[in-house]
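Colleague: Take this structure first; my questions come after.
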Amino acid sequence: MRENSFIDKFNTHISENRLFRNTETILLAVSGGIDSVVMAELFYQCKLNFGIAHCNFQLRDEDSNADEKFAKEIAEKYDVAFYDKRFDTIKFQKENKLSLEEAARILRYEWLEGIRSAFNYNFIATAHHINDSIETIILNLTKGTGIRGLKGIPVKNGFVVRPLLFAAREEIEIFAKENNLQYRTDKTNLNNDFQRNKIRNLVIPVLKEINPALEKTFHKNIKHFIDAELLYKEQIEKKVKKLLDRRKDAIYIPINTLKTLPASATYLFEIVKQFNFSDDQSEEVHENLFGSGKQFFSSTHRLIVDRKFLIITSVNTEDSKHIII
């Protein structure tokens with residue numbers, strides 16, 4: 028792979044997806060691993076404005092501190108601003124009953140957003156690439172997902188942009204080698220106790236045996252899934268708008284009208300999930316559309332199956348206690 032072709036793809040990805048303008052300043056989330064090191068080098072070579080932020084989750088003893096030191100050296104090399112933070116990740120995980128991965132993710136993005144806002148950066152850039160997106164899709168499919176879960180990692184989400192989502196892991200490795208880039212290796216990436224590592228290390232290699240052009244195929248598929256979701260949302264919104272009857276503090280859904288719709292269970296799910304009802308609850312409601320008197324509760328709402336309507340009210344609404352069924 029020619030180095031310039033990779034840089035061209037980088038610039039094309041940014042412009043086509045309107046990630047940011049060349050005049051804007053971006054906060055790069057740099058772990059010290061190969062992906063974020065390549066991202067920083069690309070920003071430098073393209074003469075973009077950026078600063079570097081590093082999260083030390085203190086999960087790998089001295090290796091974590093060495094990563095932090097290395098990230099600071101990268102900032103010094105490029106003569107850009109550097110921000111770092113040490114987190115008691117395990118304490119946060121236990122207090123909030125989260126997985127270690129989820130705890131680190133929450134801490135990371137909350138802190139990065141604080142830095143972005145305080146120091147007037149336009150966006151935060153993370154170094155996710157196409158292989159990360161493939162892993163996300165496979166995880167979503169394994170756990171259960173709608174069409175949204177097939178889109179992978181979004182290229183832009185609020186103030187967070189992903190300028191490497193065009194690239195496969197192999198392309199990143201080649202660019203790093205061609206530019207003699209030094210980077211840190213996270214040994215925990217080899218630990219298959221983590222779900223994402225298990226997908227990366229065990230599942231993806233098998234899929235690549237079946238299709239060596241896996242990344243290219245998924246890149247095309249993701250574009251199709253994004254378009255499909257737009258069409259899906261448009262159709263759902265049109266039907267739901269006609270279906271919902273808002274009366275004071277309650278929402279009424281005519282059961283007979285709902286039942287006549289093709290894929291009525293899907294329409295019902297799209298409606299009730301707005302009120303924090305789960306997929307399983309939605310299925311149960313659909314199975315009991317003519318079971319008058321049944322009630323279902325989410326964390327915020329109550330759904331009553333009336334003779335002619337599904338009635339949704341807030342659990343905090345006094346009127347919800349007085350609906351006659």
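28 is the number of the first residue of the sequence shown in my numbering; add one for each residue after it.
Glycine included, each C-beta is placed from N, C-alpha and C at the ideal position.
(1) According to DSSP, which residues form a beta bridge with D220?
(2) So, helix, strand or coil for Y110, using DSSP?
(3) Can you tell me which of V188, L54, R227, G60 puts its alpha carbon nearest to the alpha carbon of S144?
(4) Put I298 into one of helix, strand or coil per three-state DSSP.
(5) Terminal residues of the continuous beta strand (DSSP E) containing S341?
(6) Pull up the CB-CB distance for K71 and Y105, whole angstroms please, since I reckon it's below 8 Å.
(7) Rank E162, K178, T215, L168 by C-alpha distance to the C-alpha of R196 and give the top, closest one.
(8) In terms of alpha-carbon separation, which member of I133, T169, N38, F84 lies closest to D115?
(9) Give me, in chain order, the residues of the same chain whose beta-carbon lies closer than 7 Å to that of L69; leave out the 5 immediate sequence neighbours on both sides.
(10) Compare the Cα-Cα distances from S160 to each of E129, I282, E128, R227 and report the closest residue.
(11) Residues in its own chain within less than 8 Å of L168 by CB, not counting five upstream and five downstream?
(12) Residues in its own chain within less than 7 Å of H349 by CB, not counting five upstream and five downstream?
(13) Spatial neighbours of N49 within its chain, please: C-beta separation below 7 Å, excluding the five flanking residues on both sides.
(14) Here's the rule: buried if 16 or more other CB atoms are within 10 angstroms of the residue's CB, otherwise exposed. What is H251?
(15) May I ask you to list the residues that DSSP assigns as paired with I164?
(16) Taking three-plus beta-carbon pairs below 8 Å as touching, is the segment 223-240 in contact with the segment 136-155?
(17) Kindly indicate which residue of I61, T215, G179 has the alpha-carbon position closest to the one of E256.
Modeller: The relevant details are as follows:
(1) Here the question's residue 220 lines up with position 193 in the sequence shown. In DSSP, D220 forms no bridge with anything.
(2) Taking the sequence shown and counting its residues from 1, one reaches residue 110 at position 83. In the three-state reduction of the DSSP assignment, Y110 falls in the strand class.
(3) Walking along the sequence shown from the start, residue 144 turns up at place 117. Residue L54 is the option with its Cα nearest to S144.
(4) In the sequence shown, residue 298 corresponds to position 271, counting from 1. Look at I298 here: in three-state DSSP terms it is helix.
(5) Taking the first residue of the sequence shown as 1, we reach residue 341 at position 314. Note, S341: beta strand (DSSP E), 336-341.
(6) To locate residue 71, count along the sequence shown from 1; it is residue 44. To locate residue 105, count along the sequence shown from 1; it is residue 78. The identity of residue 71 in the sequence shown is Tyr, whereas the question assumes Lys. Yes, they are in contact, since the Cβ atoms of Y71 and Y105 sit about 5 Å apart, within 8 Å.
(7) Your numbering for residue 196 matches position 169 in the sequence shown. When E162, K178, T215, L168 are compared, the shortest CA-CA separation from R196 is found for E162.
(8) To locate residue 115, count along the sequence shown from 1; it is residue 88. It is F84.
(9) By 1-based counting over the sequence shown, the position of residue 69 is 42. Within its own chain, the residues whose Cβ lies closer than 7 Å to the Cβ of L69, once the five positions on either side in sequence are excluded, are I34, F37, listed in chain order.
(10) Counting from one through the sequence shown, the residue named residue 160 turns up at place 133. Looking at the Cα atoms, R227 is the closest of the given residues.
(11) In the sequence shown, the residue the question calls residue 168 occupies position 141. Residues of the same chain with a CB within less than 8 Å of the CB of L168, apart from the 5 flanking positions on each side, are G176, L177 in chain order.
(12) Here residue 349 refers to the residue found at position 322 of the sequence shown. For H349, the pLDDT reaches just 43, beneath the cut-off of 50, and the residue's location in the model is therefore unreliable, although a value from the coordinates is still provided. Non-local C-beta neighbours of H349 in its own chain, meaning closer than 7 Å and more than five positions away in sequence, are absent.
(13) Working through the sequence shown from its first residue, we reach residue 49 at position 22. So the list reads L75, once near-sequence residues are dropped.
(14) Looking up residue 251 in the sequence shown gives position 224. Around the Cβ of H251, a 10 Å sphere holds fewer than 16 other Cβ atoms; the residue is exposed.
(15) In the sequence shown, the residue the question calls residue 164 occupies position 137. Its beta-bridge partners do not exist; DSSP assigns none.
(16) No: the two stretches stay apart, fewer than three of their Cβ pairs being nearer than 8 Å.
(17) Position 229 of the sequence shown, counted from the start, is the residue given in the question as residue 256. Of the candidates I61, T215, G179, the one whose C-alpha sits nearest the C-alpha of E256 is G179.
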